[in-house]
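Engineer:
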Amino acid sequence: MENRSAARLRDAIWTCSWLILLASPLAAAAAGPGREGGKVELALYYETLCPYCSNFVVNHLFKVFDSGLISILDLKLVPYGNARIGANDTVTCQHGPWECLLNTVEACAIDVWPDLSEHFPLIYCIEKLVYSHDYAQWESCFEPLGLDSKLVSDCYAGGRGKELELEYAAETNALQPPHQYVPWVVVDGKPLYDDYVNFMSYICEAYSGTAKPEACSKLSLNRVQLREARKSLPVCYLKEKMSSPAFKVVRSAVESMMGWTKMLLDA
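FYI, in mature numbering (1 follows the signal peptide of the UniProt record, and there is no 0) the residues of the sequence shown are -31 to -1, 1 to 236.
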């Protein structure tokens, strides 16, 4: 009988296969002729092991593709979040070494495959595994998408990944107003704070073109309900104590599996 971990992994790989089918229209929309008024910039500042970030990517952000909003959107992902830079440019992540690993892996994916149609399906697959608590299986996401994992391994082991994280650190720390938590969702330079699940409505409002996607008219009808739903949305706060009992449990779990990092470096 199939165990739960295998089922989750199967579901994640199936999702990756579905995203492959999505990639062609995604690329066409992203590279298609610009609309009057230009595209809206949506930036997501996040960290890979914050459960609320993975929830946003898996259950909310992907909707810009289903709805057609990607045609009026420039989407930027910044996987750094609440990490901190210490002496000698050491990076300490809020949820421990595994988060630093996956933040860098996703940063490398964006760098290696700058086209949204290539790096987003991979990041979605990894975050799907995070969401189902199977992130140790992250390397399984490459093959179904036809991506060469060695390119990311070389980026990570060769130091390029560290450079990218330091660049993301500078960008995240320069945000005005400063970010307070993640997911930190920004539309055309303006943070949405705790109304981030309503991000698609903000995209529609910010777009100044004449031909808005049909989804925009539907979103306006649901906005009041979404504003009510936001009241209970949890986030990972910037100043969340890393010595809390919950953090200690997470840190213990990730450190027990850090052999995967050594395997990556030795590859």
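Just so you know, even glycine gets a beta-carbon here, dropped at the ideal spot from N, CA and C.
What number of angstroms, rounded off, separates the C-alpha of Y165 from the C-alpha of F31?
Structural biologist: Using only the alpha carbons, I get a separation of about 14 Å.
Engineer: Sort N167, T17 and W82 by Cα distance to H102 and report the nearest one.
Structural biologist: When each option's Cα is compared against that of H102, the closest is T17.
Engineer: Run the CB neighbour count on Q145, radius 10 Å, all protein chains shown included, and call it buried at 16 or more, exposed below.
Structural biologist: Exposed.
Engineer: Comparing alpha-carbon positions, which option in P152, L38, A143 and E140 lies nearest P203?
Structural biologist: The shortest Cα separation from P203 among P152, L38, A143 and E140 belongs to P152.
Engineer: Kindly indicate which residue of A139, A180 and Y100 has the alpha-carbon position closest to the one of C19.
Structural biologist: When only C-alpha atoms are compared, the closest one is Y100.
Engineer: Buried or exposed for E183, please, with buried defined as at least 16 other CB atoms from any protein chain shown within 10 angstroms of its CB.
Structural biologist: The residue in question, E183, is exposed, as its Cβ has fewer than 16 Cβ neighbours within 10 Å.
Engineer: Between D157 and V9, how many whole angstroms is the CB-CB distance? I'm expecting something under 8 Å.
Structural biologist: With 8 Å as the limit, D157 and V9 qualify as a contact, their Cβ atoms being about 6 Å apart.
Engineer: Which runs of the alpha helix (DSSP H) fall wholly inside the region 38 to 107 and span at least 4 residues, in chain order?
Structural biologist: As far as the region 38 to 107 is concerned, its whole alpha helix (DSSP H) runs of at least 4 residues are 66 to 81 and 85 to 100.
Engineer: By the three-class DSSP mapping on this structure, what secondary structure does L(-11) have?
Structural biologist: Note that L(-11) scores 49 on pLDDT, short of 50, meaning its location in the model is unreliable and no value can be drawn from it.
Engineer: DSSP on L206, reduced to helix/strand/coil?
Structural biologist: At residue 206 the sequence reads Tyr, which differs from the Leu that was named. Three-state DSSP puts Y206 in a strand.
Engineer: My understanding is that Q63 touches N51, with C-beta atoms under 8 Å, so please give their C-beta distance in whole angstroms.
Structural biologist: 4 Å between Cβ atoms; contact.
Engineer: Check for me: the alpha helix (DSSP H) holding V166 runs from which residue to which?
Structural biologist: Careful: V166 lies outside any alpha helix (DSSP H) and carries neither H nor E.
Engineer: Is Y49 closer than 8 Å to C205 when the C-beta atoms are compared?
Structural biologist: The answer is no: Cβ separation not under 8 Å.
Engineer: Would you kindly work out how many angstroms separate the C-alpha atoms of V27 and P66, rounded to a whole number?
Structural biologist: Distance between the alpha carbons of V27 and P66: 22 Å.
Engineer: Alpha carbon to alpha carbon, how far is A143 from C110?
Structural biologist: Their Cα atoms are separated by approximately 32 Å.
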